[in-house]
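Structure first, commentary second.
Number of protein chains: 2
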Amino acid sequence: MTATVHRLAPRSPSLEPMLALVASDMNAVNAVILDRMQSQIPLIPELAGHLIAGGGKRMRPMLTLASARLIGYSGTRHHRLAAAVEFIHTATLLHDDVVDGSDLRRGKRTANIIWGNPASVLVGDFLFSRSFELMVEDGSNKVLKILSNASAVIAEGEVNQLTAARRVDLGEDRYLDIIGAKTAALFAAACRIAAVVAERPEEEEAALDAYGRNLGIAFQLVDDAIDYVSDAGTMGKDAGDDFREGKMTLPVILAYARGGPDERRFWKDAVEGRRSSDDDFAHAVALVRDSRAVDDTLARARHYGQRAIDAIAGFAGGKAKDAMVEAVEFAVARAY
Amino acid sequence: MTATVHRLAPRSPSLEPMLALVASDMNAVNAVILDRMQSQIPLIPELAGHLIAGGGKRMRPMLTLASARLIGYSGTRHHRLAAAVEFIHTATLLHDDVVDGSDLRRGKRTANIIWGNPASVLVGDFLFSRSFELMVEDGSNKVLKILSNASAVIAEGEVNQLTAARRVDLGEDRYLDIIGAKTAALFAAACRIAAVVAERPEEEEAALDAYGRNLGIAFQLVDDAIDYVSDAGTMGKDAGDDFREGKMTLPVILAYARGGPDERRFWKDAVEGRRSSDDDFAHAVALVRDSRAVDDTLARARHYGQRAIDAIAGFAGGKAKDAMVEAVEFAVARAY
Numbered sequence: 001m002t003a004t005v006h007r008l009a010p011r012s013p014s015l016e017p018m019l020a021l022v023a024s025d026m027n028a029v030n031a032v033i034l035d036r037m038q039s040q041i042p043l044i045p046e047l048a049g050h051l052i053a054g055g056g057k058r059m060r061p062m063l064t065l066a067s068a069r070l071i072g073y074s075g076t077r078h079h080r081l082a083a084a085v086e087f088i089h090t091a092t093l094l095h096d097d098v099v100d101g102s103d104l105r106r107g108k109r110t111a112n113i114i115w116g117n118p119a120s121v122l123v124g125d126f127l128f129s130r131s132f133e134l135m136v137e138d139g140s141n142k143v144l145k146i147l148s149n150a151s152a153v154i155a156e157g158e159v160n161q162l163t164a165a166r167r168v169d170l171g172e173d174r175y176l177d178i179i180g181a182k183t184a185a186l187f188a189a190a191c192r193i194a195a196v197v198a199e200r201p202e203e204e205e206a207a208l209d210a211y212g213r214n215l216g217i218a219f220q221l222v223d224d225a226i227d228y229v230s231d232a233g234t235m236g237k238d239a240g241d242d243f244r245e246g247k248m249t250l251p252v253i254l255a256y257a258r259g260g261p262d263e264r265r266f267w268k269d270a271v272e273g274r275r276s277s278d279d280d281f282a283h284a285v286a287l288v289r290d291s292r293a294v295d296d297t298l299a300r301a302r303h304y305g306q307r308a309i310d311a312i313a314g315f316a317g318g319k320a321k322d323a324m325v326e327a328v329e330f331a332v333a334r335a336y
Numbered sequence: 001m002t003a004t005v006h007r008l009a010p011r012s013p014s015l016e017p018m019l020a021l022v023a024s025d026m027n028a029v030n031a032v033i034l035d036r037m038q039s040q041i042p043l044i045p046e047l048a049g050h051l052i053a054g055g056g057k058r059m060r061p062m063l064t065l066a067s068a069r070l071i072g073y074s075g076t077r078h079h080r081l082a083a084a085v086e087f088i089h090t091a092t093l094l095h096d097d098v099v100d101g102s103d104l105r106r107g108k109r110t111a112n113i114i115w116g117n118p119a120s121v122l123v124g125d126f127l128f129s130r131s132f133e134l135m136v137e138d139g140s141n142k143v144l145k146i147l148s149n150a151s152a153v154i155a156e157g158e159v160n161q162l163t164a165a166r167r168v169d170l171g172e173d174r175y176l177d178i179i180g181a182k183t184a185a186l187f188a189a190a191c192r193i194a195a196v197v198a199e200r201p202e203e204e205e206a207a208l209d210a211y212g213r214n215l216g217i218a219f220q221l222v223d224d225a226i227d228y229v230s231d232a233g234t235m236g237k238d239a240g241d242d243f244r245e246g247k248m249t250l251p252v253i254l255a256y257a258r259g260g261p262d263e264r265r266f267w268k269d270a271v272e273g274r275r276s277s278d279d280d281f282a283h284a285v286a287l288v289r290d291s292r293a294v295d296d297t298l299a300r301a302r303h304y305g306q307r308a309i310d311a312i313a314g315f316a317g318g319k320a321k322d323a324m325v326e327a328v329e330f331a332v333a334r335a336y
C-alpha cells in the first residue's frame with residue numbers, strides 16, 4: 001500500500017507564531033496592564049479598559065517580548081516595561097481619536113464618542129503618567145531615556161501631521177518623517193528596550209531598533225493603503241476615513257504626483273475638504289488604483305519590511321527569529 | 001534742624017521677596033525652558049511659548065528654587081528639574097483649557113481658541129514628554145518617582161473633577177480630594193525635589209512637601225473664591241467662569257449647604273446648567289456673600305496657609321524662610 005502524502009499549499013503569513021511565542025509572557029504583561037490601569041476614580045479603568053480590552057493586537061508589547069526571546073533574555077523586567085509601552089500607545093490612541101474626531105476604532109465606538117473628549121484627554125494623560133511610573137519602578141535610566149525620547153518624538157510627529165493636514169503638496173519625505181515619528185519610533189523603542197534589560201551590546205540594541213523602526217514604517221504604509229481598499233467590516237476601521245479627513249498619506253501623495261491637471265485639481269479639492277462624498281471617495285479609490293498608487297505604497301512597505309528582516313539577520317535562527325520574520329511578512333501582506 | 005522720620009504703613013504681603021530670592025536661579029530655569037520647548041515643528045514653540053511667556057508667575061519652579069535656598073543647596077541640578085515641573089504644569093494647563101473649553105487665561109486668549117483643541121492636546125503631550133526627558137537627564141530615580149507619581153495624581157484629580165462636574169451634592173471632602181490632587185500634588189513635589197537633590201534627610205523632604213501641599217490647597221481655595229468676587233480685568237480670569245461651567249468649588253459647596261430650599265434649588269439649577277446668565281451670576285455672588293461662603297473659603301485658605309508656614313518652622317531663619325512665609329501670606333491675601 002502506497003501512502004499518498006498530501007502537502008498543504010504554502011500557507012499565507014500569519015501572526016500566529018509570534019502570538020504563540022509570547023503567549024505566556026503576554027499573560028504576565030496583561031496582568032500588569034490590568035493592575036496598573038486601576039484607580040479609585042471609576043471612570044479611569046472603565047474608559048481605559050474599553051480601549052485596552054477592545055481587541056487590540058498588543059503589537060508593541062508583543063515586539064518587546066519577542067525581541068527578548070530572540071536574545072534569550074530569561075528575566076521578567078520586560079513584562080512591566082512592555083505594559084508601559086502599551087500604556088504610551090493607548091494614551092496616544094485616546095488623544096489621536098480626539099484630535100481626529102474619530103468615531104470608530106477596531107470596529108467599536110471610540111472612547112471620545114462614548115465618554116466625550118475631556119475624559120479621553122485626561123485618561124490619556126493618566127495612562128501616560130502611569131507608563132512613566134512603571135518605567136521608574138524598573139529603574140533603568142537607559143530605558144527611561146529611550147522611552148521618554150520616543151514619547152516626545154511621537155508627540156512631535158503628531159503635531160507635524162496636524163500642521164501637514166490638508167496640504168496636498170506634502171511630499172513623500174515629510175510623510176516619511178511623520179510616520180517615522182508617530183508610529184515607527186515606538187516600535188523601535190519597544191524592540192530596543194529588550195536588549196537593554198538583557199544587557200546586550202549596543203549593536204544588538206541598534207539591530208532590534210532597526211527591526212522595529214522598519215516594521216513600524218511598513219505597518220503604517222499598509223495601514224494607509226488599506227484606507228483605500230478595504231471596508232469597515234473587515235478592518236475595524238472606516239475605509240475612507242483618511243480621505244474624508246483630508247489626511248495626506250502615501251497613496252494620495254503618489255496619485256497626486258502622477259496625476260494630470262484634472263486629477264490634481266480633484267485631489268486638492270478633496271484634501272482641502274471640498275470633496276468628501278461617497279462618490280468622491282469612489283473616484284479617489286479609482287484614481288489611486290489606476291495610478292498604481294496603492295500598489296506602490298505596498299511595494300514601499302515591502303521594502304521596509306525587507307529591511308526589518310535584514311536588520312535581525314545577525315541573530316541566531318530559531319523559533320523567535322522565524323516568528324519575527326513571519327510577523328513582518330504578515331504585516332506587509334495584510335492588504336491583499 | 002530736626003529730621004522728621006516718616007514711617008511707611010505696614011506693607012501688605014508680597015511675592016517680591018521670593019521673586020528677588022530666586023531671580024538669578026530663575027534666569028537659568030528660563031534658559032532651560034526656552035531651550036527645551038524648541039522643536040523642528042514650528043507650531044510647538046509657537047504654541048508653547050504663548051502660554052509659557054504669557055505672564056505666568058512660574059509659581060511651581062519658584063517653589064523648587066526657594067526650597068533649595070532654604071536648605072542651602074548650592075548646586076544647579078534643580079534648574080533643570082524646576083523647568084520640568086513648569087513643563088508638567090504647562091501641559092496640564094493646555095489640556096485643562098481644552099477640557100473646560102476656556103477662552104481666556106491670564107488675560108490672554110487661550111491656545112485652544114487660537115490654534116484649536118487638537119494642537120493644544122498634542123503640544124501638551126509634547127511638553128509632558130519633554131518634562132520626563134529633563135528628569136531622566138538629571139538621573140535621580142527618586143526625583144523621577146516623585147514627579148511621575150505627581151503627574152499620575154494630577155491626571156486622576158482632573159478626572160475626579162470631571163466626574164464631579166455639575167453635581168451639587170459634592171461635599172467638602174471630595175472637593176479637598178480634587179484640589180489636593182490637581183493642584184497641591186505638584187506644589188508638594190516641586191518643593192520636595194529640592195531636598196532630594198540636596199540629599200537632605202527624609203524629614204526635611206517631608207517638611208517641604210507639607211509646605212508645598214498646604215500652600216497649594218490655600219492657593220486653590222483663594223483661586224476658587226476669587227471667581228465669586230473679582231472681575232476679569234484684575235485677575236486675568238473671567239469672574240463667573242467656574243459658575244458658568246457648573247464647577248463645584250468650596251464657595252458653592254458652603255452656600256448650598258447653608259441655603260434654604262429656594263437657595264438650594266437655585267444652586268442645583270445653576271450647577272446643572274439651567275441658570276448661567278449674568279443675572280444668575282449676580283444672584284450667586286449675593287448668595288455666597290450673604291451666606292459668608294466666600295469669607296469662610298478664605299478662612300479655610302488661611303488655615304492651610306498657617307499649616308504651610310508651620311511646616312517649615314524647623315528650618316533656620318533667614319531671607320529664604322522669610323520669603324517663603326511671606327509668599328504664603330501673599331497667597332491667602334490675594335482676594336482682599
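Chains A and B, in that order, are what the protein sequence lines are.
Going by full-length UniProt numbering, the residue at position 31 of the first sequence is 31; the numbering climbs one at a time, nothing skipped.
Going by full-length UniProt numbering, the residue at position 318 of the second sequence is 318; the numbering climbs one at a time, nothing skipped.
Ideal placement from N, C-alpha and C gives every residue a C-beta, glycine not left out.
Any idea what DSSP makes of residue 57/A, helix, strand or coil?
Residue mapping note: residue 57/A aligns to position 57 of the first sequence, counting from 1. Residue 57/A: coil per DSSP, three-state reduction.
Could you pull out every residue in the same chain whose Cβ sits closer than 8 Å to the Cβ of residue 28/A, ignoring the five residues on either side in sequence?
Position 28 of the first sequence holds residue 28/A. If we look at residue 28/A and ignore the five residues flanking it on each side, its Cβ neighbours are 76, 79.
Contact set for residue 359/A: own chain, Cβ-Cβ below 7 Å, skip 5 residues either direction
The question about residue 359/A has no answer, for chain A in this structure spans 1 to 336.
Validate contact between the stretch 137 to 156 of chain A and the stretch 113 to 126 of chain A using beta carbons, cut 8 Å, 3 pairs
no
Is there a Cβ of chain B sitting closer than 8 Å to that of residue 245/A, yes or no?
Against the first sequence, residue 245/A aligns to sequence position 245. False, the Cβ-Cβ gap to chain B never drops below 8 Å.
For residue 193/A and residue 283/A, the rounded distance between their alpha carbons:
Taking the first sequence and counting its residues from 1, one reaches residue 283/A at position 283. Taking the first sequence and counting its residues from 1, one reaches residue 193/A at position 193. So the alpha carbons of these two residues sit roughly 44 Å apart.
Measuring CB atoms only, is the stretch 168 to 178 of chain B touching the stretch 45 to 64 of chain B, in the sense that at least three cross pairs come out at less than 8 Å?
no
Chain A beta carbons: is any one of them nearer than 8 Å to that of residue 123/B?
What you label residue 123/B is simply residue 123 of the second sequence in a count that begins at 1. Chain A, which has a Cβ nearer than 8 Å to the Cβ of residue 123/B, makes this yes.
Nearest to residue 102/A (by Cα), restricted to the options 37/A, 34/A, 247/A, 155/A:
Locating residue 102/A in the first sequence gives position 102, counting from the first residue. If we check each option's Cα against that of residue 102/A, 247/A comes out closest.
Straight-line Cα distance separating residue 179/A from residue 82/A
Residue 82/A sits at position 82 when you count from the first residue of the first sequence. Residue 179/A sits at position 179 when you count from the first residue of the first sequence. Distance between the alpha carbons of residue 82/A and residue 179/A is about 21 Å.
Given this structure, state the Cα-to-Cα distance separating residue 232/A from residue 317/A, to the nearest angstrom.
One-based indexing of the first sequence puts residue 232/A at position 232. One-based indexing of the first sequence puts residue 317/A at position 317. Caution is warranted here: a pLDDT of 43 is assigned to residue 232/A, below 50, making its placement in the model unreliable, and no coordinate value can be reported.
Three-state secondary structure assigned by DSSP to residue 170/B
By one-based count along the second sequence, residue 170/B stands at place 170. Looking at residue 170/B - three-state DSSP - the assignment turns out to be coil, as it is neither helix nor strand.
Report yes if the C-beta distance between residue 186/B and residue 95/B is below 8 Å; otherwise report no.
Residue 186/B sits at position 186 when you count from the first residue of the second sequence. Residue 95/B sits at position 95 when you count from the first residue of the second sequence. No, these two residues do not count as a Cβ contact at 8 Å.
Check the Cβ-Cβ distances between residue 95/A and every residue of chain B, and say whether any is below 8 Å.
For the purposes of this step, residue 95/A is identified with residue 95 of the first sequence, where counting begins at 1. Closer than 8 Å: yes.
Run through DSSP, which three-state label would residue 213/A get?
The sequence position of residue 213/A within the first sequence is 213, counting from 1. Looking at residue 213/A - three-state DSSP - the assignment turns out to be helix.
Residue 314/B: which of 71/B, 240/B, 61/B sits nearest, CA to CA?
By 1-based counting over the second sequence, the position of residue 314/B is 314. Ranking 71/B, 240/B, 61/B by Cα distance to residue 314/B puts 71/B first.
Please say whether residue 188/B and residue 209/B have beta carbons closer to each other than 8 Å?
Residue 209/B sits at position 209 when you count from the first residue of the second sequence. Residue 188/B sits at position 188 when you count from the first residue of the second sequence. Their beta carbons are under 8 Å apart, which means residue 209/B touches residue 188/B by this criterion.
For the alpha helix (DSSP H) that contains residue 17/A, what are its first and last residues?
Residue numbering aside, residue 17/A sits at position 17 when the first sequence is read from its first letter. Here the alpha helix (DSSP H) through residue 17/A covers 16 to 36.
In angstroms with no decimal places, state the Cα-to-Cα distance between residue 146/B and residue 212/B.
The residue labelled residue 146/B in the question sits at position 146 within the second sequence. The residue labelled residue 212/B in the question sits at position 212 within the second sequence. Looking at the two C-alpha atoms, the distance is approximately 13 Å.
Proximal residues, the stretch 125 to 147 of chain A versus chain B, C-beta separation under 7 Å
125, 126, 128, 129, 130, 132, 133, 136, 139, 141, 144, 145
Span separating the alpha-carbon of residue 26/B from that of residue 14/B:
Translated into the one-based positions of the second sequence, residue 26/B becomes position 26. Translated into the one-based positions of the second sequence, residue 14/B becomes position 14. Residue 26/B and residue 14/B: Cα-Cα distance of roughly 18 Å.
Tell me the DSSP secondary structure of residue 345/A in three-state form.
The question about residue 345/A has no answer, for chain A in this structure spans 1 to 336.
Does the stretch 253 to 261 of chain A come into contact with the stretch 291 to 302 of chain A, if we say contact requires no fewer than three beta-carbon pairs (one atom in each stretch) closer than 8 Å?
yes
Starting from residue 159/A, find everything on chain B with Cβ-Cβ shorter than 8 Å and list it in chain order.
In the first sequence, counting from the first residue as 1, residue 159/A sits at position 159. The answer, in chain order, is 39, 41, 43, 44, 119, 122, 123, 126.
As assigned by DSSP and simplified to three states, the class of residue 201/A:
To locate residue 201/A, count along the first sequence from 1; it is residue 201. Note: residue 201/A maps to coil in three-state DSSP.
Check whether the Cβ atoms of residue 305/B and residue 331/B sit closer than 8 Å, and answer yes or no.
Translated into the one-based positions of the second sequence, residue 305/B becomes position 305. Translated into the one-based positions of the second sequence, residue 331/B becomes position 331. Their beta carbons are under 8 Å apart, which means residue 305/B touches residue 331/B by this criterion.
Residue 317/A, DSSP secondary structure in three states
The residue given as residue 317/A occupies position 317 in the first sequence. Residue state, collapsed to three classes: coil.
Got a sec, what are the start and stop residues for the alpha helix (DSSP H) residue 142/A sits in?
The residue you call residue 142/A lines up with position 142 of the first sequence. Residues 141 to 164.
Taking the alpha helix (DSSP H) that residue 45/B falls in, what are its first and last residues?
What you label residue 45/B is simply residue 45 of the second sequence in a count that begins at 1. Residues 43 to 52.
In chain order, what residues of the same chain lie with their CB nearer than 6 Å to the CB of residue 234/B, ignoring the 5 residues before and after it?
The residue given as residue 234/B occupies position 234 in the second sequence. For residue 234/B, the predicted model reports a pLDDT of 47, less than 50, meaning its position is unreliable and no value from the coordinates is stated.
Going along the chain, which residues of the stretch 149 to 183 of chain A sit with their C-beta nearer than 7 Å to a C-beta in chain B?
149, 151, 152, 155, 156, 158, 159, 160, 162, 163
Determine the chain B residues that contact residue 99/A at a beta-carbon separation under 9 Å, and present them in chain order.
Here residue 99/A refers to the residue found at position 99 of the first sequence. Going along chain B in sequence order, the residues near residue 99/A (Cβ under 9 Å) are 117, 118, 119, 121, 122.
Nearest CA to the CA of residue 117/B: which residue from 327/B, 150/B, 91/B, 220/B?
What you label residue 117/B is simply residue 117 of the second sequence in a count that begins at 1. Among 327/B, 150/B, 91/B, 220/B, the Cα nearest to that of residue 117/B belongs to 91/B.
For residue 115/A, tell me which candidate among 163/B, 133/B, 112/B has the shortest Cα-Cα distance.
Translated into positions along the first sequence, residue 115/A becomes position 115. Nearest C-alpha to residue 115/A: 163/B.
Can you tell me whether residue 262/A is buried or exposed? The criterion is at least 16 other CB atoms within 10 Å of its CB, across all chains shown.
The count along the first sequence starts at 1 and reaches residue 262/A at position 262. Result: exposed.
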